[in-house]
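To start, the structure itself, in structure tokens.
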Amino acid sequence: MEQKTEILQGTLTLMILKTLAVLGSTHGYGIARRIEEISGDAFSLNYGTVYPALLKLEQEGFVTSEWGVSDNNRKAKYYRLTAAGRKQVNKEAASWTQTTAILARFLNLEEAK
Amino acid sequence: MRAVRGWFAKLTGAFGGDRAEQSLHEELESHLALHVADNLRRGMTPEEAARQALLKLGGRDATKEAYRDQRRLPVWDSALQDARFALRTMRRSPGLTGVAILTLALGIGANTAVFSIVNGVLLRPLPYRDPARLMDVYSSSPERGFPVGPTSPPDFREMRTQNRTLTSLSAYFNSALNLSGDFQAERLTGMVVSTEFFDTLGVKPLLGRTFRASEGVWGSHRVVILSEKFWRARFGGRPDILGAVLRLDGDLCTVIGVMPASFYFLGEQQIWAPMAFKPGDNFDSHSNYFLGMVGRLRPRTTREEARADLNAVMAGIAARQPENKGIGAGLIPLTERVVGDVRRSLWVLLAAVGFVLLLCCVNLSSLLLSRDAARKKEFALRAALGASRVRLLRQFLTENVLLALLGGCASVGLAYAAVAQVRRLAVDLPRIAHVGVDLTVLAFALAVSIASGLLSGLIPYLWGSRADLMGSLREGRFQSSTSRGSGRVRGALILAEVALAFVLTIGAGLMMQSFSRLLSVNPGFDPHNVLTFDVSLPDSYSEGASATDLKPPARVTAFYNGMVERLGRLPGVANVGVSSALPFQSKGWIKFLSFDDRPAPPSMDAVANVQFHATVGDYFRTMSITLREGRFFNASDNANGPYVAILNEAAARRFFPNEDPIGKLIFLFPPEQLVPKGELPAGLRFPRMRIAGIVNDVHYASLQTPPEPEVYAPLSQSDSLSTMSVAVRTHVPPSSLISAVRSEVSAMDRNLPIARVSTMEELAGSSVALPRLHTLLLAIFGALALGLAAVGLYGVIAQLVAQRRHEVGVRIALGARPRAIVGSIVARAMTLVAIGLLIGCGLALALTHLMSTLLFGVTPTDVPTFVGSALVLMATSALASYLPARRAASVDPMVALRCE
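Set out below in structure tokens:
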């Protein structure tokens, strides 16, 4: 059976930020679907977890939200990045890239022995 | 920064919850709708589409809950939830809630009141710059019986200039000043201070300036500083007061400054004058010790270094001045001087009131325990629904703390009232004017409230009952009647209540015993129907008199004789007498005592000392002091007659143990040959006085202190103090004569005010004001303790009995006599009480010696008090357990059995 990875703590936030950076204004469902698609269904994502994470980002001032109307004429709450949020995407992405690079080197080292 | 912003958003997120909830609901519904629409497009059935969407979301409620947690601070949120729940619980049982709040209000209120005294008197720093470095400096001559005493001006000056350990040293003495001139004559409480006094204390004037060094020189000393209170009262806070000229004791003095109302120094003064002595003034000599001193320690200098330093200076003086032999110096922190005497008593009161609070907490615990037992089902339900133990405990504590906070609010009102009473009762307490309910006190009340809430909630938990309770909940034993755990806790609560109450009733008992002994002390005079006041004659009465006259100027004697005569003619007056000091005025006048027919002692410091009184008129009859032997003074004992003296019995016993003192010659000076050459006119012989009578002892200092040897002499044959005290015995209520007396005196001298007018009964009353306050407070605490213990015991026994109703019913049905049942319940309770008494007894033995300084004529382990308190407590406990027991036994067995 296919093994699904639990979302690593903290990565969800970055994925949401990146999604919003790419797609612009998006509703919660859209964000959840997009994350699942990009990950190639490797993540077992509870869509519900997106909402507290969005709220946290909003509280910290990285995203704002407003009610709007979806493509198929449904009322939905749309989120988009603030200026601080755009900076944060770059910062966190850089930080993650660095972390994963270090980790990769580490793991390679272990194998080389 | 972002984290703070997030946290703040969460904090505020607790409010406006309804709109946020609504928005969340809509958002989730729109999410589901979008998802369902997608699912339908993929060809699912509508049911399957909805099910999958919901599944993928992870459940509506779980999502909402996670979202809410993010929106608010979880602890804050559940605390609010707990508080709301607690309020609902309280509303459900208003009686119990009322009793709990009242209990706590009493306990916290009493603590807050006592703490406000401790705070005002002990804890608040003195209002000077860096008060910790300020020292009370004194002269010390243990060999002459004055381990701590005032100093003389020459000694002060040498210490001031020669010490190396103080940044500054200043001297002061209390002095009354008569204000006259354009103003209505008034007697002012004043202090004469050396010019650097205000700088030593580090205080700034409100207006103008403080004294300059040049103003300590005779001739340029006619300047004064007023207190803000006096300035406002007498001059309406006039801003042009600086430079105004006042007539004080006949001198014209210029006002140079006003001290702010926050300033005070050892009592309240209205006016300060610089210390300056006329050349050749007798007061400015090594034979007059009347100055207090205050000094500021240099940084990084210890008290011991300063003591050694000052003693070295004093030793230097003694090497040059033989009469200074044996006089050293010492110092204690100024705070000690101000509050030293009352420190112990206040801590005792605080400890006692702390015990009352503990008792309140124990009572509350047992009260809540019985309520919690009744709520077992509720807890079981909550536990079954997954509430964690910590969460349940937090719920309990929230309820208790909320109760305690409500009690605390009620207690603040109580504390306000109590503090007002204390301020009225304890005029003598140092810094009493600074006792009040301030922010510190309110913070204390808040802290005590929270602590007592937590304590009363935790006591049973710590003793295992609540843990036990939880255990039984999990097992589903809702109906267990007397689980052994809660029975044990109830027993322990009884023990604690009885032990605490016993300690407090013993404390109260000791204090009451001591106070009644104090009141039964015979003061040696009759304080009823006596009006007293002070008169100070200005220097103008003594003009032309010389210091070596050894008797007061003729004008002074004439004034007092005339006054006695005039006042004696007033209707309603029986006798009038004048003395240099009346009882309970804390004025003393110490003189040497030498005997004409005995060889002179080897040195000055071996000469005896005695308390001295100069009197005018019928002083003894006025005070109802009785003659033991010989005669009173009479009109022929005047300046021209032979010198006479009267001793009290203590003096007769001390100085004439084996002979009859009547007719013996004494004099109130050192033997002439001991006085250094050149200090006295050649050939001067001190006047000898013949002992004419012996009178009974009078408690002059206080009822507590034993009478000292006293010598009385007619004023016309001795010298006078600037302030004399007048006693008027009346046939009518003494205060009704105040205005008549006032106008008689001002008819003699328009510029002469009378001061400190009060009845002798008031003086006697204020002399026991502090013991009365201590007794009253401890008696209240004792009564509270007894009441709390009785109520608590009643509650616990009633609870136990209610739980055994079934058993009692069975026993009655089987033929047990109700009396036997009552007996067994009471006996069980009394066993616990007896153990509690034993514990309390041990505690009391360990604690009561702390109050030994407060006790008079009673030892801290007074057996009758211990036994009496035990009996009172046992009687109360017996009653408190009998009432519920009887009710239990009178129950109809059929009803009791059917109940189960």
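Line by line, the protein sequences are chains A and B.
In this text, residue positions in the first sequence follow the numbering used here: the first is 140, and each later residue adds one.
In this text, residue positions in the second sequence follow the numbering used here: the first is 1098, and each later residue adds one.
Backbone N, C-alpha and C define an ideal beta-carbon position, used for all residues, glycine too.
Chain-order list of residues whose beta-carbon lies under 6 angstroms from that of residue i (same chain, five-residue window excluded)
| i | result |
| --- | --- |
| B/C1458 | S1549, L1552 and S1553 |
| B/V2002 | A question about residue 2002 of chain B goes unanswered here, because the residues of chain B that appear run from 1098 up to 1997. |
| B/L1502 | S1546 |
| B/G1392 | M1232, V1234, L1263 and L1266 |
| B/G1573 | With a pLDDT of 42 at B/G1573, under the threshold of 50, the modelled position of that residue is not reliable, and no figure is offered here. |
| B/R1571 | With a pLDDT of 47 at B/R1571, under the threshold of 50, the modelled position of this residue cannot be trusted; read the value that follows with caution. Result list for B/R1571: empty, nothing under 6 angstroms. |
| B/A1564 | Any reading at B/A1564 must be qualified, since the residue scores a pLDDT of 47, below 50, and its modelled position is unreliable; the value itself is stated next. Closer than 6 angstroms at the Cβ level, and outside the excluded window around B/A1564, lies no residue. |
| B/G2010 | Residue coverage of chain B in this structure runs from 1098 to 1997, which leaves residue 2010 of chain B outside it and unanswerable. |
| B/R1261 | D1406 |
| B/L1447 | V1211 and V1215 |
Presumed contact (8 angstroms Cβ cut-off) between residue i and residue j, rounded CB distance
| i | j | result |
| --- | --- | --- |
| A/N188 | B/G1155 | Position check: residue 188 of chain A holds Thr in this sequence, whereas Asn was assumed. About 7 angstroms separates the two Cβ atoms, so the contact holds. |
| B/K1688 | B/F1717 | No, B/K1688 and B/F1717 are not in contact; Cβ-Cβ is about 19 angstroms, not under 8 angstroms. |
| B/A1176 | B/L1499 | Not quite, the Cβ-Cβ distance comes to about 10 angstroms (not below 8 angstroms), so this is no contact. |
| B/L1323 | B/V1355 | 5 angstroms |
| B/F1681 | B/S1799 | 7 angstroms |
| B/V1673 | B/G1665 | 5 angstroms |
| B/S1508 | B/A1202 | 5 angstroms |
| B/G1714 | B/I1759 | Incorrect: roughly 23 angstroms between the Cβ atoms, too far for contact. |
| B/L1184 | A/A215 | Incorrect: roughly 39 angstroms between the Cβ atoms, too far for contact. |
| B/V1675 | B/L1771 | Their Cβ separation, rounded to whole angstroms, is 32 angstroms, which puts B/V1675 and B/L1771 out of contact at 8 angstroms. |
Proximity to residue i [Cα-Cα], best of the options
| i | options | result |
| --- | --- | --- |
| B/Q1814 | B/E1769, B/A1711, B/L1947 and B/T1820 | B/A1711 |
| B/F1295 | B/P1650, B/A1229 and B/P1371 | B/P1371 |
| A/G167 | A/T150, A/A232, A/I177 and A/S204 | A/S204 |
| B/Y1638 | B/L1935, B/E1726, B/Y1657 and B/L1464 | B/Y1657 |
| B/T1802 | B/D1794, B/T1962 and B/A1197 | B/D1794 |
| B/F1599 | B/R1585, B/F1878 and B/R1335 | B/F1878 |
| B/R1254 | B/A1273, B/G1246, B/E1293 and B/V1245 | B/E1293 |
| B/V1661 | B/P1635, B/F1630, B/R1728 and B/L1690 | B/F1630 |
| B/V1196 | B/L1461, B/P1635, B/P1624 and B/E1726 | B/L1461 |
| B/K1326 | B/E1126, B/R1319 and B/A1358 | B/A1358 |
| B/V1321 | B/A1986, B/V1923, B/N1755 and B/V1342 | B/V1342 |
| B/L1345 | B/E1640, B/L1849 and B/G1933 | B/L1849 |
| B/A1517 | B/L1870, B/R1157 and B/L1151 | B/L1870 |
| B/A1789 | B/G1313, B/L1771, B/E1904 and B/D1757 | B/D1757 |
| B/L1690 | B/R1785, B/N1755 and B/F1729 | B/R1785 |
| B/L1199 | B/G1510, B/A1146, B/G1389 and B/F1541 | B/G1510 |
| B/P1191 | B/I1424, B/K1422, B/S1127 and B/R1468 | B/R1468 |
| B/P1250 | B/L1125, B/H1318, B/S1384 and B/L1129 | B/S1384 |
Other residues of its chain near residue i: CB distance less than 7 angstroms, five sequence neighbours each side excluded
| i | result |
| --- | --- |
| B/G1520 | The sequence given here has Arg at residue 1520 of chain B, not Gly. I1529 and V1532. |
| B/N1957 | Looking at the sequence provided, one finds Pro at residue 1957 of chain B rather than Asn. Here the set comprises L1607, T1945, H1946, M1948 and S1949. |
| B/V1748 | The question names Val, but residue 1748 of chain B is Ala in the sequence shown. Result list for B/A1748: V1707, P1806, E1807 and V1808, in chain order. |
| B/N1626 | R1826, T1827 and P1831 |
| B/L1601 | A1449, F1452, V1453, F1878, G1879 and A1882 |
8 angstroms Cβ shell around residue i - same chain, five flanking residues per side excluded
| i | result |
| --- | --- |
| B/V1538 | T1209, F1212, S1213, N1216 and A1512 |
| A/K157 | V228 and A232 |
| B/R1663 | E1841, A1844 and M1845 |
| B/V1955 | L1607, Q1610, S1611, R1614 and T1962 |
| B/Y1891 | A1977, S1978, L1980 and P1981 |
**Report entry** Selection of the region 1118 to 1130 of chain B by Cβ proximity to chain A, strictly under 7 angstroms
**Finding:** Residues passing the 7 angstroms Cβ filter: E1124, S1127, H1128 and A1130.
Query raised in the report: Can you list, in chain order, the residues of the region 1149 to 1182 of chain B whose Cβ is nearer than 8 angstroms to any Cβ on chain A?
Result: Answer set for the region 1149 to 1182 of chain B: K1153, L1154, G1155, G1156, A1159, T1160, A1163, Y1164, D1166, Q1167 and R1168.
Query raised in the report: Considering only residues of the region 1720 to 1776 of chain B, which uninterrupted beta strand (DSSP E) runs meet the minimum length of 3 residues and lie entirely inside it, listed in chain order?
Result: DSSP runs (the beta strand (DSSP E)) wholly in the region 1720 to 1776 of chain B: 1724 to 1727, 1741 to 1745 and 1762 to 1764.
Requested in this report: Select from the region 215 to 234 of chain A all residues with a C-beta closer than 9 angstroms to any C-beta belonging to chain B, and list them in chain order.
Outcome: For the region 215 to 234 of chain A, which is checked against every Cβ of chain B, the residues closer than 9 angstroms are A215, K216, A223 and Q227.
Query raised in the report: Which residues, taken in chain order from the region 1131 to 1150 of chain B, show a beta carbon closer than 9 angstroms to some beta carbon of chain A?
Result: Correct list: L1131, H1132, A1134, D1135 and A1150.
Requested in this report: Taking only beta carbons into account, state which residues of the region 197 to 216 of chain A come closer than 7 angstroms to chain B, listed in chain order.
Outcome: Only Q198, E199, G200, S209, N211, R213, K214, A215 and K216 from the region 197 to 216 of chain A bring a Cβ to less than 7 angstroms from some Cβ of chain B.
Report task. Write down every uninterrupted run of the alpha helix (DSSP H) in the region 1640 to 1716 of chain B whose length is 4 residues or greater and which is fully enclosed by it, in chain order. Result -> Taking 4 residues as the minimum length, the alpha helix (DSSP H) runs contained wholly in the region 1640 to 1716 of chain B are 1651 to 1665, in order along the chain.
Query raised in the report: What residues from the region 147 to 171 of chain A come within 9 angstroms of chain B, judged by C-beta to C-beta, listed N to C?
Result: For the region 147 to 171 of chain A, residues whose beta-carbon sits nearer than 9 angstroms to a beta-carbon of chain B comprise H166, G167, Y168, G169 and A171.
Query - Ranges of the beta strand (DSSP E) found wholly within the region 1197 to 1243 of chain B, counting only runs of at least 3 - result: Restricting attention to beta strand (DSSP E) runs no shorter than 3 residues, the region 1197 to 1243 of chain B encloses them at 1231 to 1238, ordered along the chain.
Report task. May I have a chain-ordered list of the alpha helix (DSSP H) segments no shorter than 4 residues that lie completely inside the region 1907 to 1973 of chain B? Result -> DSSP runs (the alpha helix (DSSP H)) wholly in the region 1907 to 1973 of chain B: 1915 to 1944.
Report task. Run through the region 1354 to 1435 of chain B for me and flag every whole beta strand (DSSP E) of 3 or more residues, listed as ranges in chain order. Result -> Counting only runs of at least 3 residues, the region 1354 to 1435 of chain B fully encloses the following beta strand (DSSP E) elements, listed from N- to C-terminal order: 1368 to 1371, 1389 to 1394 and 1425 to 1430.
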